[in-house]
């Protein structure tokens, strides 16, 4: 996967390396004043004196190779940043593995405001990697949009060159106890705190919570919902499960999570890992956060370090 990124990164590096050539390229006076502020250009040159077209032909011919080279490298830069990636999508988990993870309590129900689903920003895919010490969940959303449309557009234009994607990628670690049962849930910069959906700049917080702090997805479908902050029921056709899944609430537009719902007045969507009649299913594939990041070719992977080396050393041997 990483090999597919190297030509684009090389082209991007070459384009950056040619920035000093701007001193030899004749630019409009407005742009030239901007380029002259770079340290390698020295003091700004005086405005060019008016010349006839015939007298300008020799200088134009001399500078044409540099201009052509600069245009080619600029095209390489745009290709490096905006060219689509055609990496194959990993196949979904087989039903036996999916059911085993679900029965053990490592695949939660994810709930978030319905307005996010209606805007086309819902869950695209969930990647799972199991280690001896924990299960790593990487949730990929189709997009993330700020509450203000203009800011959402500018945010997309900024994120694509930075991350090489419009998708939003978030991580959750579910740590095991000595009996390989879920014990703690760690949010590595993906915890929402008390933030709600309408907060313009929600923070990326870190938090580790006991597994028991999360509400269980209720198994009886005849219990009325007390409010929008409560969960939807598991349909009867699923039958009894040994461990009801927990609910992880996505409370903010940038998809930060919590053990409780902070948007009690908003309609909610519940995404379930198993096929049901009352909930939309999310698709589960095999993959770690590092493998998901390798599918995209941006300048950065994330604003926060999702799985630092100190945490990765505690994961143990990879099992799935």
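Numbering (mature numbering (1 follows the signal peptide of the UniProt record, and there is no 0)), first residue to last: -24 to -1, 1 to 296.
Quick reminder that beta carbons are idealized off the backbone N, C-alpha and C, glycines included.
- Comparing C-alpha distances from residue 97 to each of 286, 138, 245 and 77 shows the shortest one belongs to 245.
- Annotation: the continuous alpha helix (DSSP H) that includes residue 73 extends over 71 to 79.
- Note on geometry: alpha-carbon atoms of residue 247 and residue 237 lie some 15 Å from one another.
- Taking residue 121 as the centre and dropping the five residues before and after it, the same chain places the C-beta of 95, 97, 128 and 229 closer than 7 Å to its C-beta, in chain order.
- Look at the beta carbons and you see the stretch 128 to 138 not touching the stretch 182 to 192: under three pairs across the two are nearer than 8 Å.
- Within the DSSP secondary-structure output, residue 114 pairs in a beta bridge with 103 and 147.
- As DSSP reads the structure, residue 82 sits in no beta bridge.
- Residue 114 and residue 147 do touch by the CB rule: their CB atoms are close to 5 Å apart, below 8 Å.
- Annotation: residue 91 to residue 159 spans about 32 Å, alpha carbon to alpha carbon.
- With a 10 Å radius around the Cβ and a threshold of 16 neighbouring Cβ atoms, residue 219 comes out exposed.
- Only residues of its own chain outside the window of five on either side were considered, and among them 83 have a CB closer than 6 Å to the CB of residue 77, listed in chain order.
- Comparing C-alpha distances from residue 293 to each of 118, 112, 256 and 142 shows the shortest one belongs to 112.
- Around the beta carbon of residue 45, a 10 Å sphere encloses fewer than 16 other beta carbons of the protein chains shown; the residue is thus reported as exposed.
- Within 10 angstroms of the beta-carbon of residue 241 lie fewer than 16 other beta-carbons, which makes it exposed.
- Every beta strand (DSSP E) stretch that sits fully inside the stretch 121 to 179 and reaches 3 residues is listed by chain position as 144 to 152 and 158 to 167.
- When C-alpha distances from residue 104 are compared across 259, 194 and 192, the shortest belongs to 259.
- Secondary structure note for residue 260: its beta strand (DSSP E) is the uninterrupted segment 260 to 262.
- For residue 265, the uninterrupted alpha helix (DSSP H) run begins and ends at 265 to 269, by DSSP.
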